[in-house]
Every structure is written in structure tokens, then in C-alpha cells.
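*Asks:* Let me give you the structure first, and then I'll get to my questions.
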Amino acid sequence: MSDEKKYFEEINILRGIAVLLVAIGHSFPDIHTGITRIGPRFIFYFIYCFHMAIFFIISGFLDNKVRRDTFSAYFKKKFERLLIPYFSFSAISLLLKVFLNRYADNPFYFSDIWKIFLGDSPNWGLWFLWTLFVIEIINYLLNYYLKISEKTLLVFAFVAYLIQVFIGIPYLQLVLKYFVFYTLGAVIRTKYERITNEKRNNTGKIVTSLLILLVVTVARTNSILDDQLYLLTGICGSYCSWILSIYIVKKKNAVCKFLNRSGKYSYDIYLIGYYPQMIIRTILNRMFNANYYITCILMFVGGFFIAAFISIYIIRKNRFLSKVFLGIS
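Mapping of the sequence shown onto our numbering: residues 27 to 355, in sequence order.
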């Protein structure tokens, strides 16, 4: 079977796990002002140790060895899928923040509109689309024009990560940070059949990975460490999540069905979830000072279930809306 036609159910489950983590991570009303409660603060830092790395690893995994397009065709495809939704949601977010700036934790002004073209959107969650687009174009050029192998690209990406950690380049920090995870996904794809066919005891690796995640999370919760260890925690968290997804696939139970469906609409939930969460946070937290944990629960419901409902029953029912907001032709 060709790579183009292969379907990896565990990858879809993994997407479901990742978007579930995103919805939870975005469900704290004081995420921008600083989470003070120890429980939510721990959950937040634990999730942010690795959850976005999963998406980039998946993207590199799925984009590997399926590109037969010319550069112009590839660019067009990626622009439509990533940047059209990026600019569409950025425009909506800009208007909302201009008119509701007094309720916003991170105000955005028309004078900053140029920043949108450099990945700094008024909807802060959209950084993923812009960053992934830049990474995929760079990867295409290096891989297909310069004929650089995946393993060499991984070394190149690791150096880029170190540059981001110790030097930093304005507006390219996230590209340099996540390029290594995207490339790692591409390398895993080249060896995936052999890796999955080998019988291994992963218990020790899982325990070690979880311990690393917990130690770093505790350290960050107590402001001992910053995110310089993200490469380590990103790999550990992604590994544990991947093993968990393989385990869930084998069970074929309600959890498997739920995460499979969540993975199918993970892109939609990620893009749309910000808006129900913002509305719920503004009303409950900023206007009525509602109970913190009730606000968190309702923000999760809005960012996950309401977002999925909007996508399935409104946006995906209309071809124009699907094109503009999801990049689907």
C-alpha cells in the first residue's frame, strides 16, 4: 500500500489526545495574568511541557513521503489549508479585541496589524498555523531542492533549536523551537513500520518519561526552571502520548471511539475553541466574577464540545465557511 493511502488509527487517536490537552490548557481564566492556584498551575505547566510538540511531530509524520507536488502546488495547498484560516480568524479576533479591549487580558490594536503577517495574531492560539506553514515550506525547500535527508535535517533542526534557546531571533522563535519536532516526526515515519513491528517493553521508558515531566513541571510551578528543557519534555510527553494512543487503539472501546472522533475534528476544535472560551471567560470571570472552577469547567466545555458542534453542524455544512475557516475545498 502506498504512503498516500495509509491510515494510522493511532495517529488520529494521538491527535484527539493532543486537542483534548489544548482544550484543558486553555480553560483557565487567569492564563494570561498568571495562574495562582497550585492545582490548576500544575496542570497548566504539565500540559505545556509537551502538548504542542505532539502536533508538530504528527505534522512531520504525515507530511513525509507524500509530497509529489511542484513547489508552487505545494505552497498553494499549504497556504489554503493553513494561512487562509489564519488570516480569517485573525481578522475576526482583531475586530473583537478592538471593540472589547477593556475585557481583554492581552489587548490588540489596529496599529499592530502588521504583526499578523509575522505570526503575531490577536488570537494568540493561531501561532501554530503560521509557524507550521513556515516550517513546512522551509522543510520542502531543504528536502526537495537541496536533497537534504531527514536525518541531516534533524541535526539542522536541533541546531536551530539551540539558537532559539540561547540567542533567539524575533518572530522566528517558534519556528526554530518546533522545527526539530516536525523533523523528528518525518524521521519516525521513515522507520515506523520497523519500530511498530518490533516487540519492546516500553514500561521503563514510560516511567522515566513521566518522571521527567513531573520533575520539570514541579520545577516550573515553583519558578525554578524556564522552558529551556522543552526539547526533552516535548519528546517525553509525545512518547508517552503515542504509546497511550497505541494502547487505546487496541481496546476499541468508548474511549477509543471518542478520541478517534476528536482526532478527526482536532484542527477544527483547535481553531474554533478560542471563541467560546473567550466569551465564557469574559462573561463569568470578568463581568460576574463567578466561581473559578465552574468557569474552568464551562470554558473546557466551550472550547471542546461547543467548538466541535459549531464545526460539524455549521461550518462544515457550508462549503464557503469550510474554505474560509478550515481551509477545506
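Don't be surprised by glycine CBs; every beta carbon is placed ideally from N, CA and C. Just so you know, these numbers come straight off a predicted model, no measurement behind them.
Look at the alpha carbon of Ile-336 and the alpha carbon of Ile-298, and state the distance between them as a whole number of angstroms.
*Replies:* Each residue's alpha carbon lies about 8 Å from the other.
*Asks:* Under 6 Å Cβ to Cβ from Ser-28, same chain only, skipping five residues before and after it: list those, please.
*Replies:* With a pLDDT of 43 at Ser-28, under the threshold of 50, the modelled position of that residue is not reliable, and the figure given next carries that caveat. Taken in chain order, the list of residues that qualify is empty.
*Asks:* Hey, could you find the ends of the alpha helix (DSSP H) Asp-294 is sitting in?
*Replies:* Counting along the chain, the alpha helix (DSSP H) containing Asp-294 begins and ends at 292 to 298.
*Asks:* Tell me which residue opens and which closes the alpha helix (DSSP H) that Pro-10 is part of.
*Replies:* Since the first and last residues shown for the chain are 27 and 355, residue 10 lies out of range.
*Asks:* Classify Val-213: buried if its beta carbon has 16 or more other beta carbons within 10 angstroms, exposed otherwise.
*Replies:* Burial call: buried.
*Asks:* What did DSSP end up calling Ala-316 once you bin it into helix, strand or coil?
*Replies:* In this structure, Ala-316 counts as coil in the three-state DSSP scheme.
*Asks:* Assuming Gly-211 contacts Phe-87 (C-beta within less than 8 Å), just tell me the rounded distance between them.
*Replies:* Confirmed, Cβ separation roughly 4 Å.
*Asks:* What is the DSSP secondary structure of Thr-96, reduced to helix, strand or coil?
*Replies:* In this structure, Thr-96 counts as coil in the three-state DSSP scheme.
*Asks:* Hey, how far is the Cα of Leu-144 from the Cα of Ile-323?
*Replies:* Spanning the two alpha carbons is a distance of roughly 33 Å.
*Asks:* Thinking C-beta only, is Phe-207 closer than 9 Å to Ile-164?
*Replies:* No, the pair does not count as a contact, with Cβ atoms beyond the cut-off.
*Asks:* Does the segment 66 to 73 touch the segment 240 to 248, meaning 3 or more C-beta pairs lie closer than 8 Å?
*Replies:* Output reads yes: the segment 66 to 73 touches the segment 240 to 248.
*Asks:* Just the Cα atoms here: how many angstroms apart are Leu-347 and Ile-341?
*Replies:* So the alpha carbons of these two residues sit roughly 5 Å apart.
*Asks:* Alpha carbon to alpha carbon, what distance is there between Gln-199 and Leu-120?
*Replies:* Going by the C-alpha atoms only, they are around 23 Å apart.
*Asks:* At 4 residues or longer, and completely inside the segment 112 to 192: list those alpha helix (DSSP H) runs for me, N to C.
*Replies:* The segment 112 to 192 contains these whole alpha helix (DSSP H) runs: 153 to 166, 176 to 192.
*Asks:* Output the boundary residues of the alpha helix (DSSP H) element that contains Asp-253.
*Replies:* Neither: Asp-253 is in no alpha helix (DSSP H) and is coded neither H nor E.
*Asks:* Thinking just about the alpha-carbon of each residue, which of Tyr-256, Tyr-265, Phe-331, Gln-303 is nearest to the one in Leu-285?
*Replies:* It is Phe-331.
*Asks:* Apart from the five residues on each side of it in sequence, which residues of its chain come closer than 6 Å, Cβ to Cβ, to Glu-36?
*Replies:* Taken in chain order, the residues that qualify are Ser-271, Ile-272, Val-275.
*Asks:* Could you please give the first and the last residue of the uninterrupted alpha helix (DSSP H) stretch that includes Ser-85?
*Replies:* Its alpha helix (DSSP H) spans residues 77 to 89.
*Asks:* Between Asn-311 and Pro-66, what straight-line distance do the alpha-carbon atoms span, to the nearest angstrom?
*Replies:* Going from the Cα of Asn-311 to the Cα of Pro-66 covers about 16 Å.
*Asks:* Given a threshold of 16 other Cβ atoms within 10 Å of its Cβ, counted over all protein chains shown, does Leu-179 qualify as buried or as exposed?
*Replies:* With 16 or more other Cβ atoms within 10 Å, it is buried.
*Asks:* With 16 other CB atoms within 10 Å as the buried threshold, where does Arg-345 fall?
*Replies:* Exposed: under 16 other Cβ atoms inside 10 Å.
*Asks:* Tell me the residue span of the alpha helix (DSSP H) that contains Leu-210.
*Replies:* Leu-210 -> alpha helix (DSSP H) spans 199 to 216.
*Asks:* Could you give the distance in angstroms between the alpha-carbon of Ile-189 and the alpha-carbon of Ala-333?
*Replies:* Going by the C-alpha atoms only, they are around 36 Å apart.
*Asks:* Return the first residue and the last residue of the alpha helix (DSSP H) that Glu-35 is part of.
*Replies:* That run of the alpha helix (DSSP H) goes 35 to 51.
*Asks:* Please state whether DSSP places Ile-354 in a helix, a strand or coil.
*Replies:* Three-state result, Ile-354: coil.
*Asks:* Along the chain, where does the alpha helix (DSSP H) containing Ile-340 start, and where does it finish?
*Replies:* Ile-340 -> no alpha helix (DSSP H), and no H or E assigned at all.
*Asks:* Relative to the alpha-carbon of Leu-202, which residue among Pro-55, Gly-51, Glu-162, Ile-354 has its alpha-carbon at the smallest distance?
*Replies:* Comparing Cα positions, the closest option is Glu-162.
*Asks:* Look at the Cβ atom of Tyr-197, then the Cβ atom of Phe-97, and state whether they are nearer than 9 Å.
*Replies:* No, they are not a contact pair.
*Asks:* Three-state secondary structure (DSSP) at Arg-226?
*Replies:* Three-state result, Arg-226: coil.
*Asks:* Would you tell me roughly how many angstroms separate the C-alpha atoms of Tyr-112 and Leu-122, rounded to the nearest one?
*Replies:* Distance between the alpha carbons of Tyr-112 and Leu-122: 15 Å.
*Asks:* Give the single residue among Asn-169, Phe-105, Ile-118 whose Cα lies nearest to the Cα of Val-160.
*Replies:* Comparing Cα-Cα distances from Val-160 to each of Asn-169, Phe-105, Ile-118, the minimum goes to Phe-105.
*Asks:* When you compare only the Cα positions, how much space is there between Val-191 and Asp-253?
*Replies:* Each residue's alpha carbon lies about 9 Å from the other.
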